[in-house]
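Report on one structure; see the data block that follows.
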Amino acid sequence: MKLYLFILFYFYFVNLTYSQTVWNYKMPPVASVLKFKNDRSEFSKVIFKDLKNYKNLTDLLPKNYVKSGTVDYTVYLQKGLDHFNEVIFPDFPILINSKGLYISSNSKIVFASNSKILMKGNSKELFAIFNVIDSKNISIYFPNLIGDKTTHTGKKGEWGMGIMIKGGQNINISIPKLLILGEMEYIFRMVIF
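For the sequence shown, the numbering used here begins at 39 and goes up steadily by one.
Written out as structure tokens, the structure is:
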């Protein structure tokens, strides 16, 4: 009996000692996934000269749409993102729900000077305004994203993202403005190092 207790306590303490390994936070190799640029003048030369070819998502909103950011237009915006690779967001605040917006490969998204996406208050633990899932060659210019940190209805929800990238390649986010989010950007690469 004493031997049994000795062995039991021995393995218990050994397990405690070796299971508490030192954990070091390691940033993913972001440079290969996400590039932040902060020079707006660069874009006025390259991006804005060709905006006539971009679809203005305001055209897809219903008649008598509101510009106050109080009506949920997620479905209309997602339809535009699904059908057009080059889009301009409406030049006013716009509300989306906790489903967020999904961006497909080869997309270019431009936010106008007054564009702003507001996340509707919700109780979800995990959600994102922009979802980039296994997509590549995406450019988002001047995103202005406001989360639901102050309007969140649940007790949990620290995983509210402005931009969630899972398995993306060649993702460029230029001069982002991300406010009141639980997490600013969440980059999760599905690769084995």
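Cβ atoms here follow ideal geometry from the backbone N, Cα and C, with glycine treated the same way.
Query raised in the report: For I178, which residues of its own chain have a beta-carbon under 6 Å away from its beta-carbon, when the five flanking residues on both sides are left out?
Result: I147 and I211
Report task. Assuming S145 contacts N123 (C-beta within less than 8 Å), just tell me the rounded distance between them. Result -> 5 Å
Query - Three-way DSSP call (helix, strand, coil) for D172 in this model - result: coil
Query raised in the report: Taking F168 as the reference, which of N135, K162 and S151 has the closest Cα?
Result: N135
Query raised in the report: Going by other Cβ atoms of all chains shown within 10 Å of its Cβ, with 16 needed for buried, is L41 buried or exposed?
Result: exposed
**Report entry** Residues sharing a beta bridge with D110, DSSP
**Finding:** DSSP lists L133 as partners of D110.
Query - N144, DSSP secondary structure in three states - result: coil
Query raised in the report: On the three-state DSSP scale, how would you describe G118?
Result: G118 falls in the helix class under three-state DSSP.
Query raised in the report: With a Cβ-Cβ cutoff of 7 Å, do P181 and L156 count as a contact?
Result: Contact flag unset, no.
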